[in-house]
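S.K.: When the letters of the sequence shown are read in order and numbered with our numbering, they come out as residues 366 to 1027.
Positions of the beta carbon are idealized from the N, C-alpha and C atoms, including for glycine.
So that we are looking at the same thing, I have put the structure below in structure tokens.
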Amino acid sequence: MKWYPNKKPPTARLHVAVVTAALAGPAIAGSLPDLGGDTRPWDVDVYYENHTAHRGKDATGKTVGLAKFRNTMQVEADKRLADGWGFHGVLRGTWDGVYRMNKGEFGEDAGGPIMLNNVSGAGGSTSVAHGAGVVNNASGPPGNAFGFDINANPNDGMRVLGDRWHSIVPGDVAFGVPVRPCDEDKRGCRDFGGYGDLSLSELEMPEFNDRLDFIREAYVKKNISLDNGNNLFLKLGKQQVVWGRTDLFRVLDVINPVDYSRNNIYDELQDIRIPMWIAQAEYRMGPSESMQDRNLQIVWNVDKFRPNNLGQCGSPNAILDAGCFFRGMANLWDNGGTVANFANGTIATDFGPHQIGIRDVDLPDWSLSNTQLGVKFEGVTQGGLSFSLNALTYRSQLPSLRGLVTGPTNPFTGAPKTAAETNLIAFDVHYPRVNLIGGSMDFEAESIGAAVRLEGAFTQGEEFPNTARERLYSENNVFRGVVGIDRPTFIPWINPRRTTLISAQLFWQHIFDHEYYKKGSRVAPSGAVNTLGPVGMPDWEDNFIGTVLIKAFLMNDRLSPELIIARDFRSRTHAIAPKVEWSVTDNLKLVVGANFKGGSNSRNRFDDCRSCNPYAPYTGTAADVGYSAGLASYEPLGRFRAGPIGVSMYEDDIFFMMRYKF
């Protein structure tokens, strides 16, 4: 299909021309292309894709049903321009009908009234409705400030936090979470950086927003020959920059954030990376005496900060169930609510507004200091070993919850907190600055007939939950590494004339200065003894995840069955994802597949910080001395031990995809 310039051009052309000029600056402005000044035709491909998924039972035993009815149109356009420049653009628009077709799970009728545990039996029952806590406005101590108003936070349109991924244990802490789209129910809606406050139409059509996400790619590029025989390659505009050599695991590949709300971790990264406005320059030096090739790349992400999209509570895909935790905590801060088994660790408690929860989200404004800059040197040795050395300074794409020291009110006494307090279960969300250095390599291991891939990165500045610290987080250095092996293997019973690809990867994450104190330890820095259970960091000090891919090619490569198995060794959970792709014609592809999870979440409970609340004697361990005694639940920190696989334990999907190229 050809598209000629005498037809009305897509609006993306004007947008990329303006942005490219802004990125380029006066130094290269004279060599920028005239997008409308060339008569050669456009090369345009148009694709349509339908992805339909059905989900089984959640942790409550209820069958979810339709979990995706996503329809995607994608246009890919290329054009050779004047003076050696080229343009590449990708436009994508999506409509997911699941929010209307299964509105009882994900739309305007989602959720309902909930019950919460009160294991003490105080008030005459071990179970109470949201809004009917035993410790409340009337029953609290004299002068209390619980102030909960059921009219501001009614018992409707809610689910119990965590019921998507684990059973509700009677003694655990829990609270209600609103799950309807934010134009139907505004409770707990916050902008976490492109998600968290979306309306029904924004959930259905996620690319059509103020960040122009329907423009997947729109950049110009040129290779400039220099007088010394080397080349300078420029690539300017909205794009994805891919670092690293491994699949699934983002060790070096962190320049672009990722949209996990599209299909959790089960879509290809190229489809879920969020493109950014980036200026990229590569100095291509060619061979030397010791190298076959050399290349120095500078990447400047000039776009406004964008974190990973973790999914909004109430949508089918909310990785780590984080969107529900965020929305539930924001609702508690705004409107108050009932928390199961809170006071004394056993009594359902009604909190008022501005006492616990998430107060604000600190999204960095655009400034030069908030842009992101990376440098990569890449080479190939005379022996055929390909390697890279990478350095990047960027903002963390994952949020950090920093405990407040002022702001909340003591609900048990009504006293405003004028002096700094510690261990408050109230937070602001931040995205800290992170520095990364790392590298990668790949080579052929002829003795085993395989290609070996290695990748590693050391980061400084990441923040993790930590119940042993006064503000309930700590800053830690992290190392991540991946080893991958790819081997084409003849398996006669699969295909005697064509190799089957077998690929295996092992991911390792190590957190330096990790804090984890077993029950009965003397916890630093407080020096207190945690009498009820472990405290510290829920994330594992060393975590290992392995994957195996087996992909066969049949019927002259038109039929391709594959199997992916992933195992999280620390959380003891796994995912199995079989799939069959059939290229019916050169233009029509059909895919049938599934993803099933298994294992156990029993070891993924962790200190819930009820006992680190400093409001003694009702929940604290000592008067105005906040530290945790280690009382544990699945919520809220168990999700970091369970990981993406464990938290999606009850999200088994079977799916059908159809992709057609016009």
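#1: Can you tell me whether proline 398 is helix, strand or coil according to DSSP?
#2: Please list the terminal residues of the continuous alpha helix (DSSP H) segment that includes tyrosine 584.
#3: Just mark lysine 741 as buried or exposed, buried being the case when its beta carbon has 16 or more other beta carbons within 10 Å.
#4: If you follow the beta strand (DSSP E) that proline 543 is part of, which residue opens it and which one closes it?
#5: Which one of Glu549, Val544, Asp556 has the shortest CA to CA distance from phenylalanine 471?
#6: If you count every other CB in all the chains shown that lies within 10 Å of the CB of glutamine 737, and 16 or more means buried, which is it?
#7: Does the count of Cβ pairs from the region 588-601 and the region 476-490 closer than 8 Å reach three?
#8: If you draw a straight line from the C-alpha of alanine 392 to the C-alpha of methionine 650, how long is it?
#9: Am I right that methionine 656 and threonine 746 are in contact with their C-beta atoms under 8 Å? What's the rounded C-beta distance?
#10: Among Leu601, Asp528, Asp514, whose alpha-carbon lies nearest the alpha-carbon of glycine 451?
#11: Grab me the residues of glycine 679's own chain with a C-beta within less than 7 Å of its C-beta, minus the 5 sequence neighbours each way, in chain order.
#12: For arginine 531, I'd like the list of residues in its chain whose CB is within less than 7 Å of its CB, leaving aside the five on either flank, ordered along the chain.
#13: Here's a check: name, in chain order, each residue in its chain whose Cβ is nearer than 8 Å to the Cβ of asparagine 630, leaving out the five neighbours to either side.
#14: Flag this pair as touching only if the region 765-775 and the region 821-838 have three or more C-beta atom pairs under 8 Å; answer yes or no.
#15: Counting along the chain, where does the beta strand (DSSP E) carrying tyrosine 413 start and finish?
#16: Taking a contact to mean a Cβ-Cβ separation below 7 Å, would you say alanine 695 touches isoleucine 723 in this structure?
#17: In whole angstroms, what separates the C-alpha of proline 773 from that of glycine 717?
#18: Should threonine 854 be labelled buried (16 or more other beta-carbon atoms within 10 Å of its own) or exposed?
#19: Residues bridged to serine 839 by DSSP?
#20: When you compare each of Tyr1025, Ala959, Pro861, Gly749 to proline 652 by their alpha carbons, which one comes out closest?
#21: Measuring CA to CA, which of Asn666, Asn501, Pro926, Gly421 is closest to lysine 603?
#22: Buried or exposed: where does aspartate 951 fall if 16 or more other Cβ atoms within 10 Å of its Cβ makes it buried?
#23: Can you tell which of Gly849, Gln870, Phe872, Phe877 has the C-alpha that lies nearest to the C-alpha of glutamate 828?
#24: Using the three-state DSSP reduction, which class does glycine 489 fall into: helix, strand or coil?
#25: In the DSSP assignment, find the unbroken alpha helix (DSSP H) run with tyrosine 759 in it and report its ends.
#26: Count the other CB atoms within 10 Å of the CB of asparagine 673; is the residue buried (16 or more) or exposed (fewer)?
#27: Is there contact between the region 885-896 and the region 942-951, where contact requires at least three CB pairs shorter than 8 Å?
#28: Kindly give me the distance between the Cβ atoms of aspartate 562 and arginine 552, rounded to whole angstroms, as I take these residues to be in contact under 8 Å.
#29: Leaving out five residues on either side along the sequence, give the residues of the same chain with a beta carbon under 8 Å from the beta carbon of isoleucine 637.
#30: Does the beta-carbon of alanine 889 have 16 or more other beta-carbons within 10 angstroms, so that it is buried, or is it exposed?
#31: Relative to the alpha-carbon of arginine 935, which residue among Lys587, Gly826, Arg671, Gly1011 has its alpha-carbon at the smallest distance?
#32: For alanine 815 and glutamate 572, I'd like the C-alpha separation in whole angstroms.
#33: Please give me, in chain order, every unbroken run of the alpha helix (DSSP H) with length at least 4 that falls completely inside the region 938-1000.
#34: Look at the alpha carbon of glycine 489 and the alpha carbon of phenylalanine 670, and state the distance between them as a whole number of angstroms.
#35: Within the continuous alpha helix (DSSP H) that includes methionine 806, where are the two ends?
#36: Taking only three categories from DSSP, how would you classify glutamate 569?
M.R.: Reading from the atomic positions:
#1: In the sequence shown, the residue the question calls residue 398 occupies position 33. Its pLDDT being 46, under 50, proline 398 is placed unreliably by the model, and nothing is read from it.
#2: Looking up residue 584 in the sequence shown gives position 219. Per DSSP, tyrosine 584 belongs to no alpha helix (DSSP H); it is in the beta strand (DSSP E), 580-590.
#3: Numbered from its first residue, the sequence shown carries residue 741 at position 376. It is buried - the Cβ of lysine 741 has at least 16 other Cβ atoms within 10 Å.
#4: Start at 1 with the first residue of the sequence shown, and residue 543 comes out as number 178. Run containing proline 543: 541-543, per the beta strand (DSSP E) assignment.
#5: Here residue 471 corresponds to residue number 106 of the sequence shown, with the count starting at 1. When each option's Cα is compared against that of phenylalanine 471, the closest is Val544.
#6: Counting from 1 along the sequence shown, the entry for residue 737 is found at position 372. Buried, by the Cβ-count rule.
#7: no
#8: Within the sequence shown, the letter at position 27 stands for residue 392. Within the sequence shown, the letter at position 285 stands for residue 650. Low per-residue confidence applies at alanine 392: pLDDT is 35, beneath 50, and the placement is therefore not dependable, though the value from the model is reported in the following sentence. So the alpha carbons of these two residues sit roughly 21 Å apart.
#9: Mapped onto the sequence shown, residue 656 falls at position 291. Mapped onto the sequence shown, residue 746 falls at position 381. Right, their Cβ atoms sit about 6 Å apart.
#10: Start at 1 with the first residue of the sequence shown, and residue 451 comes out as number 86. Taking only the C-alpha atoms, the option nearest glycine 451 is Leu601.
#11: Counted from its first residue, the sequence shown places residue 679 at position 314. These residues qualify, in order along the chain: Phe471, Ala475, Val544, Arg545, Pro546.
#12: In the sequence shown, the residue the question calls residue 531 occupies position 166. Per the sequence shown, the amino acid found at residue 531 is histidine instead of arginine. Answer for histidine 531: Ala424, Asn966, Tyr999, listed in chain order.
#13: Translated into the one-based positions of the sequence shown, residue 630 becomes position 265. The sequence given here places isoleucine at residue 630; asparagine does not occur at that position. Cβ neighbours of isoleucine 630 beyond the five flanking positions: Leu613, Ile684, Pro1009.
#14: yes
#15: For this step, residue 413 is matched to residue 48 along the sequence shown. Residues 407-422.
#16: By one-based count along the sequence shown, residue 695 stands at place 330. By one-based count along the sequence shown, residue 723 stands at place 358. Their beta carbons are under 7 Å apart, which means alanine 695 touches isoleucine 723 by this criterion.
#17: Your numbering for residue 773 matches position 408 in the sequence shown. Your numbering for residue 717 matches position 352 in the sequence shown. Between proline 773 and glycine 717, the C-alpha separation is close to 10 Å.
#18: Against the sequence shown, residue 854 aligns to sequence position 489. Threonine 854 should be labelled exposed.
#19: Position 474 of the sequence shown, counted from the start, is the residue given in the question as residue 839. Its beta-bridge partners are Phe829.
#20: Residue numbering aside, residue 652 sits at position 287 when the sequence shown is read from its first letter. Nearest of Tyr1025, Ala959, Pro861, Gly749 to proline 652, Cα basis: Gly749.
#21: Start at 1 with the first residue of the sequence shown, and residue 603 comes out as number 238. It is Asn666 whose Cα lies nearest to the Cα of lysine 603.
#22: Taking the first residue of the sequence shown as position 1, residue 951 is located at position 586. Burial call: exposed.
#23: Numbered from its first residue, the sequence shown carries residue 828 at position 463. Of the candidates Gly849, Gln870, Phe872, Phe877, the one whose C-alpha sits nearest the C-alpha of glutamate 828 is Phe877.
#24: To locate residue 489, count along the sequence shown from 1; it is residue 124. Of the three classes helix, strand and coil, the one that applies to glycine 489 here is helix, per DSSP.
#25: Counting from one through the sequence shown, the residue named residue 759 turns up at place 394. First-last for tyrosine 759: 751-760, but that is the beta strand (DSSP E), not the alpha helix (DSSP H).
#26: Locating residue 673 in the sequence shown gives position 308, where the first residue counts as 1. That one is buried.
#27: no
#28: Your numbering for residue 562 matches position 197 in the sequence shown. Your numbering for residue 552 matches position 187 in the sequence shown. Wrong, their Cβ atoms sit about 11 Å apart, outside the cutoff.
#29: Position 272 of the sequence shown, counted from the start, is the residue given in the question as residue 637. Closer than 8 Å at Cβ, skipping near neighbours: Val623, Asp624, Tyr625, Arg627, Asn628.
#30: Counted from its first residue, the sequence shown places residue 889 at position 524. When all chains shown are included, alanine 889 counts as exposed.
#31: Sequence index remark: in the sequence shown, residue 935 carries index 570 (1-based). The residue with the shortest Cα to Cα distance from arginine 935 is Gly1011.
#32: Residue numbering aside, residue 815 sits at position 450 when the sequence shown is read from its first letter. Residue numbering aside, residue 572 sits at position 207 when the sequence shown is read from its first letter. The alpha-carbon atoms of alanine 815 and glutamate 572 are separated by roughly 40 Å.
#33: none
#34: Translated into the one-based positions of the sequence shown, residue 489 becomes position 124. Translated into the one-based positions of the sequence shown, residue 670 becomes position 305. Cα to Cα, the separation comes out at about 51 Å.
#35: Residue numbering aside, residue 806 sits at position 441 when the sequence shown is read from its first letter. Taken as a continuous stretch (DSSP letters only), methionine 806 belongs to no alpha helix (DSSP H), being part of the beta strand (DSSP E) at 798-810.
#36: Residue 569 sits at position 204 when you count from the first residue of the sequence shown. It is helical.
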